[in-house]
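Here's the structure we're looking at; comments come further down.
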Amino acid sequence: MANLKGIRDRIKSVSNTRKITEAMRLVAAARVRRAQDQVNATRPFADRLAQVFFRLQSRLRLEDASLPLLRERQVKKVGILVVSGDRGLCGSYNSNIIKKAEERAQELSDQGIVYEFYLVGRKASQYFQRRKVPVAHVFNDMMKQIPSATDAAQIADLVLSAFLAEKVDRIELIYTRFVSLINSRPVLQTLLPLDPKTLTTPEDEVFRLLVRGGEFTVERSKVESELLAAPQDMLFEQDPLQILDALLPLYLNNQLLRALQESVASELAARMTAMNNASDNASELIKTLTLVYNKARQAAITQEIIEVVSGAMP
15 MANLKGIRDR IKSVSNTRKI TEAMRLVAAA RVRRAQDQVN ATRPFADRLA QVFFRLQSRL
75 RLEDASLPLL RERQVKKVGI LVVSGDRGLC GSYNSNIIKK AEERAQELSD QGIVYEFYLV
135 GRKASQYFQR RKVPVAHVFN DMMKQIPSAT DAAQIADLVL SAFLAEKVDR IELIYTRFVS
195 LINSRPVLQT LLPLDPKTLT TPEDEVFRLL VRGGEFTVER SKVESELLAA PQDMLFEQDP
255 LQILDALLPL YLNNQLLRAL QESVASELAA RMTAMNNASD NASELIKTLT LVYNKARQAA
315 ITQEIIEVVS GAMP
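Sequential numbering from 15 applies to the sequence shown in the numbering used here.
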């Protein structure tokens with residue numbers, strides 16, 4: 015009977031664990047919806063900003079513009095901005111982004127280029143601070159469930175100051191791009207200096223979390239915004255270069271905000287998948303344990319019957 019009691023206790027423990035993982039999956043799903051709403055709320059500003067850049071480009075050649083944020087220089091030192099999560103229980107999300115950062119750091123070292131890390135997220139901070147790697151700055155409590163423009167501006171101000179002060183010659187961003195609920199990939203993007211060719215051709219997509227047949231699914235669609243050139247008779251009160259110089263930091267903030275939003279959506283989707291797999295594994299384990307319990311119980315009953323029959327025989 016002690017064996018049966020142990021199996022019952024284990025079934026109860028696994029059932030409680032399944033309740034927790036299922037609750038975490040539903041919470042992550044709700045937060046993915048919230049992240050989706052935030053992306054949709056910030057899109058009008060990004061579209062209008064792209065429109066302004068396109069009109070400015072129609073009046074001047076950005077490649078020839080003498081602006082600090084567009085000026086490339088010889089790369090001797092690179093700042094690597096790494097965006098990870100604050101918490102675990104999200105599968106390989108954090109380990110993939112850390113691995114990508116380590117691979118990039120090794121590539122720069124092989125090229126003889128000095129690098130330093132700017133870390134966003136507790137997991138990356140804990141990992142790299144325990145190792146002998148150069149860490150320039152750590153952004154604490156940045157990876158909230160709803161990243162704000164204030165958070166993006168704080169990060170942008172620091173990396174922009176380092177770039178303008180020539181402490182680093184290039185800023186690279188490593189974050190996780192959201193693809194689907196079961197797929198996300200770490201990507202490497204050059205943040206500074208800004209590339210004029212990418213200012214007017216943003217690859218923007220909308221993701222929508224839907225429920226079909228009792229299962230979560232994601233639909234993605236391209237965002238097509240019509241960019242109109244500035245009329246030839248349009249007059250600017252200021253020099254277009256001055257306007258561009260003022261708007262480039264806004265564009266940088268917007269890029270960082272979108273990266274934070276993509277990272278949060280990827281983390282939540284990874285947590286949904288991990289908790290769903292954990293719930294499924296718990297269900298399978300409960301079935302297996304129930305079968306083992308029934309067999310053990312039947313064996314115990316059979317043994318008792320045999321003992322009773324044997325004792326009753328003369």
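Where is the CB? At the ideal position from N, CA and C, for every residue including glycine. These numbers were taken from a predicted model, which means no experiment stands behind them.
Worksheet entry | Within 8 angstroms, strictly: CB atoms of residue 258 and residue 49 | In the sequence shown, the residue the question calls residue 258 occupies position 244. In the sequence shown, the residue the question calls residue 49 occupies position 35. Going by C-beta atoms, residue 258 is not nearer than 8 angstroms to residue 49.
Worksheet item: DSSP on residue 269, reduced to helix/strand/coil?
Response: For the purposes of this step, residue 269 is taken as the residue at position 255 of the sequence shown. The answer is helix: DSSP assigns residue 269 an H, G or I state.
Worksheet item: Sorted by chain position, which residues of the same chain lie with C-beta nearer than 6 angstroms to residue 114's C-beta, five sequence neighbours on each side aside?
Response: By one-based count along the sequence shown, residue 114 stands at place 100. Cβ within range, chain order: 188 and 200.
Discussion item. Given a cut-off of 8 angstroms on the beta-carbon distance, is the pair residue 313 and residue 97 in contact?
Written reply: As a first step, residue 313 must be located in the sequence shown, where it is residue number 299. As a first step, residue 97 must be located in the sequence shown, where it is residue number 83. No; because the gap between Cβ atoms is not below 8 angstroms, this pair is not in contact.
Item to complete: Check the C-beta distance from residue 270 over to residue 170 and give it rounded, since I have them as a contact under 8 angstroms.
Response: Along the sequence shown, read from residue 1 onward, the residue named residue 270 stands at position 256. Along the sequence shown, read from residue 1 onward, the residue named residue 170 stands at position 156. Indeed, because the Cβ distance is near 5 angstroms, the residues count as touching under 8 angstroms.
Worksheet item: Can you find at least 3 beta carbon pairs, one from the segment 121-128 and one from the segment 80-94, that sit closer than 8 angstroms?
Response: yes
Practice prompt. Please report the Cβ distance between residue 22 and residue 307, rounded to the nearest whole angstrom; I am assuming they are in contact, meaning their Cβ atoms lie under 8 angstroms.
Written response: Counting from one through the sequence shown, the residue named residue 22 turns up at place 8. Counting from one through the sequence shown, the residue named residue 307 turns up at place 293. That pair is a contact at about 7 angstroms.
Item to complete: Name the two residues that bound the continuous beta strand (DSSP E) containing residue 194.
Response: Residue mapping note: residue 194 aligns to position 180 of the sequence shown, counting from 1. Segment 184-194, the beta strand (DSSP E) holding residue 194.
Worksheet entry | Euclidean distance between Cα positions of residue 321 and residue 310 | As a first step, residue 321 must be located in the sequence shown, where it is residue number 307. As a first step, residue 310 must be located in the sequence shown, where it is residue number 296. Roughly 16 angstroms between the two C-alpha positions.
Fill in: Buried or exposed by the 16-neighbour rule on C-beta atoms within 10 Å, applied to residue 301
Numbered from 1 along the sequence shown, position 287 holds the residue referred to as residue 301. Classification for residue 301: exposed.
Fill in: Backbone CA spacing between residue 81 and residue 167 [nearest angstrom]
In the sequence shown, residue 81 corresponds to position 67, counting from 1. In the sequence shown, residue 167 corresponds to position 153, counting from 1. Taking the straight line from one Cα to the other gives about 20 angstroms.
Fill in: Reference residue 63, options 288, 292, 263 and 284, closest by Cα
Here the question's residue 63 lines up with position 49 in the sequence shown. Minimum Cα distance to residue 63 is reached at 263.
Item to complete: Please confirm whether residue 292 and residue 198 have their CB atoms less than 8 angstroms apart.
Response: Stepping through the sequence shown from its first residue, residue 292 is reached at position 278. Stepping through the sequence shown from its first residue, residue 198 is reached at position 184. No; because the gap between Cβ atoms is not below 8 angstroms, this pair is not in contact.
Discussion item. Can you give me the C-alpha to C-alpha distance between residue 89 and residue 128, rounded to a whole angstrom?
Written reply: The sequence position of residue 89 within the sequence shown is 75, counting from 1. The sequence position of residue 128 within the sequence shown is 114, counting from 1. Taking the straight line from one Cα to the other gives about 9 angstroms.
Worksheet entry | Where residue 200 sits in the DSSP three-state scheme | If you number the sequence shown from 1, residue 200 lands on position 186. Here residue 200 sits in strand by DSSP.
Discussion item. Considering only their Cβ atoms, is the gap separating residue 185 from residue 173 smaller than 8 angstroms?
Written reply: Within the sequence shown, numbered from 1, the residue matching residue 173 stands at position 159. Within the sequence shown, numbered from 1, the residue matching residue 185 stands at position 171. Contact: yes.
Fill in: residue 20 versus residue 315 - alpha carbon distance
Here residue 20 is taken as the residue at index 6 of the sequence shown, counted from 1. Here residue 315 is taken as the residue at index 301 of the sequence shown, counted from 1. Distance between the alpha carbons of residue 20 and residue 315 is about 17 angstroms.
Worksheet item: Who are residue 134's beta bridge partners in DSSP?
Response: Along the sequence shown, read from residue 1 onward, the residue named residue 134 stands at position 120. DSSP, once it has assigned bridges, lists 97 and 153 as partnering residue 134.
Fill in: Residue closest to residue 278, alpha-carbon to alpha-carbon, out of 138, 190, 256 and 318
Against the sequence shown, residue 278 aligns to sequence position 264. Closest option to residue 278, Cα to Cα, is 190.
Item to complete: Could you check the C-alpha separation between residue 140 and residue 105 for me, to the nearest Å?
Response: Looking up residue 140 in the sequence shown gives position 126. Looking up residue 105 in the sequence shown gives position 91. If I take the Cα positions, the gap works out to 17 angstroms.
Practice prompt. For the alpha helix (DSSP H) containing residue 170, list its first residue and its last residue.
Written response: Stepping through the sequence shown from its first residue, residue 170 is reached at position 156. Looking at the DSSP string, the run of the alpha helix (DSSP H) that includes residue 170 is 163-178.
Worksheet item: For the alpha helix (DSSP H) that residue 106 lies in, which residues bound it at each end?
Response: Residue numbering aside, residue 106 sits at position 92 when the sequence shown is read from its first letter. Here residue 106 belongs to no alpha helix (DSSP H), and DSSP marks it neither H nor E.
Item to complete: Report yes if the C-beta distance between residue 288 and residue 31 is below 8 angstroms; otherwise report no.
Response: If you number the sequence shown from 1, residue 288 lands on position 274. If you number the sequence shown from 1, residue 31 lands on position 17. Going by C-beta atoms, residue 288 is not nearer than 8 angstroms to residue 31.
Discussion item. Give me, in chain order, the residues of the same chain whose beta-carbon lies closer than 8 angstroms to that of residue 24; leave out the 5 immediate sequence neighbours on both sides.
Written reply: Mapped onto the sequence shown, residue 24 falls at position 10. Closer than 8 angstroms at the Cβ level, and outside the excluded window around residue 24, lie 303.
Practice prompt. Could you tell me whether the Cβ atoms of residue 290 and residue 45 are closer together than 8 angstroms?
Written response: Mapped onto the sequence shown, residue 290 falls at position 276. Mapped onto the sequence shown, residue 45 falls at position 31. Taking 8 angstroms as the Cβ cut-off, residue 290 and residue 45 do not qualify as a contacting pair.
Discussion item. Check this for me: beta carbons of residue 84 and residue 208, under 8 angstroms apart or not?
Written reply: Residue numbering aside, residue 84 sits at position 70 when the sequence shown is read from its first letter. Residue numbering aside, residue 208 sits at position 194 when the sequence shown is read from its first letter. Contact flag set, yes.
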